[in-house]
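Per this note's numbering, the sequence shown runs over residues 730 to 789. The beta-carbon is built from N, C-alpha and C at its ideal position, and this holds for glycine as well. Presented below is the structure to which this report refers.
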Amino acid sequence: MSDLDIQSPCIGVCSMDDLTGLCQGCYRTLEEIQQWWDLDSNQKKQVIHQVAEREAQLFD
C-alpha cells in the first residue's frame, strides 16, 4: 500500500480543543496534522490507530 492510499482522518471539522490539544474533528494533535503528508504508510497507520484510541477514550 502506498503512502497515498492511506486517507487522512480529517473530516473537515477543524477546531483545536484547548483542553486536550486535539482537533475536535479528527482527534489528531497539531503536530500530527502538520506532518501528515510527510509520514510514510506505517507512520500514518500508527496515527490512525492512536486517533481511534483517543476517540474511544473520550467517549468511553
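Contact fails between the segment 763-770 and the segment 778-785, because fewer than three Cβ pairs, one in each stretch, are under 8 Å apart. No Cβ-Cβ contact shorter than 7 Å links I740 with K773. In the DSSP assignment, L751 falls outside any alpha helix (DSSP H), carrying neither H nor E. V742 counts as exposed, since fewer than 16 other C-beta atoms from the protein chains shown sit within 10 angstroms of its C-beta. The Cβ neighbour count for L751, taken over all protein chains shown within 10 Å, is at least 16; the residue is labelled buried.
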